[in-house]
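Contents: one structure, followed by commentary.
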Amino acid sequence: MTWQGQSILAVVPARGGSKGIRGKNLRAVGGLSLVAHVAEQCRNAPWIDRAVISTDDESIAAEAVAHGLDAPFRRPAELAGDLASSVDAWQHAWTTCERNDGTRYDIGLLLEPTSPLRCTEDIEQCLAALDNPVNAAAATVSRTPGHYTPHKTLTCEESGQLGYYLPNGAGYANRHLIPAYYHRNGLCYAVRRNTLLNEGRILEDRCAAIVTQRPVVNIDEPLDLEIAELLYRRQVRELAA
289 MTWQGQSILA
299 VVPARGGSKG
309 IRGKNLRAVG
319 GLSLVAHVAE
329 QCRNAPWIDR
339 AVISTDDESI
349 AAEAVAHGLD
359 APFRRPAELA
369 GDLASSVDAW
379 QHAWTTCERN
389 DGTRYDIGLL
399 LEPTSPLRCT
409 EDIEQCLAAL
419 DNPVNAAAAT
429 VSRTPGHYTP
439 HKTLTCEESG
449 QLGYYLPNGA
459 GYANRHLIPA
469 YYHRNGLCYA
479 VRRNTLLNEG
489 RILEDRCAAI
499 VTQRPVVNID
509 EPLDLEIAEL
519 LYRRQVRELA
529 A
């Protein structure tokens, strides 16, 4: 099945190396590995024509295949290091799939396994944003808490003295005066073929913001796993109510 007549390729980026949590993409939340969660979410999105994992790790590939994702290639080492570009890895997955499948995909999705609280509606909202020709891409974001915004961020000089990151930061003692800021939460990125493959862009210029209203987590540190477990149980209860 397609979305508005457009074929969709979902790519799950899951390299083997992880500094914060060893074997991160295979760690469990709610009894399922992070890879298994995103595989299930792909199955629940009927408009996805092809869902593949981009990994350099055989254990991750095996876990992905066991839960319904395809693993038709391995990510090259130069695209799997700490400094590798996510755009380059996504482009590699897209072009490799098109070459292997003998087809052209109109829209690409990037679904990070480290964001296990994804709902079908998150993907659907990103795709719906691309129905508007003004938008070349869409990305889910969460509002940044006031105390984490640039206006509240501090610097620490070599002397040990604190200062405001922004010159006018001291003028924002009341957090309600701080402008709204947002950060990526990894639930979903959607992009048109030309935008990614020919222009190499995702967020720059004409990217629609899909604001996630519920609390979610993008797992990077051990504490994030505990938070994800808590939020996952809450989300399951709310969906069952």
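289 is the number of the first residue of the sequence shown in our numbering; add one for each residue after it.
No residue lacks a Cβ here, since even glycine has one placed at the ideal position from N, Cα and C.
In its chain, beyond the 5 residues on either side, Pro360 and Phe361 have a beta carbon closer than 8 Å to the beta carbon of Thr384. For the options Asp345, Ala298 and Lys312, the alpha carbon positioned closest to that of Glu328 is the one of Ala298. A distance of 8 Å or more separates the beta carbons of Val323 and Leu513. Under the three-state reduction of DSSP output, Thr428 falls in the strand class.
The distance from the Cβ of Val504 to that of Ser403 is about 6 Å, consistent with a contact at the 8 Å cut-off. In the DSSP annotation of this structure, the continuous segment of the beta strand (DSSP E) that includes Tyr470 starts and ends at Tyr470 to Arg480. Taking all protein chains in view, the Cβ of Asp345 is crowded by 16 or more other Cβ atoms within 10 Å, so the residue is classified as buried. Here Val375 has Gly488 as same chain residues with Cβ atoms under 6 Å from its own Cβ, once five neighbours each way along the sequence are excluded. Within the same chain, and ignoring the five residues on either side of Leu314 in sequence, the residues whose Cβ sits closer than 8 Å to its Cβ are Ser321, Leu322, Val323, Ser347, Ile348 and Glu351. Here Cys444 is exposed. Its C-beta has fewer than 16 other C-beta atoms within 10 Å. Note that the C-beta distance between Arg363 and Ala427 is not below 8 Å.
Under the three-pair Cβ rule at 8 Å, the stretch 469 to 486 counts as touching the stretch 423 to 438.
Contact between the stretch 489 to 509 and the stretch 403 to 420 is present, with at least three C-beta pairs closer than 8 Å.
When secondary structure is reduced to three states using DSSP, Arg387 falls in the helix class. The secondary-structure analysis by DSSP pairs Val504 with nothing; it has no beta-bridge partner.
The three-state reading of DSSP puts Ser374 in helix, counting H, G and I together.
Going by DSSP, Ala302 is part of no alpha helix (DSSP H) at all; its letter is neither H nor E. Of the candidates Ser430, Arg463 and Leu418, the residue whose Cα lies closest to the Cα of His439 is Arg463. As the crow flies, the alpha-carbon of Thr391 is around 22 Å from that of Ile490.
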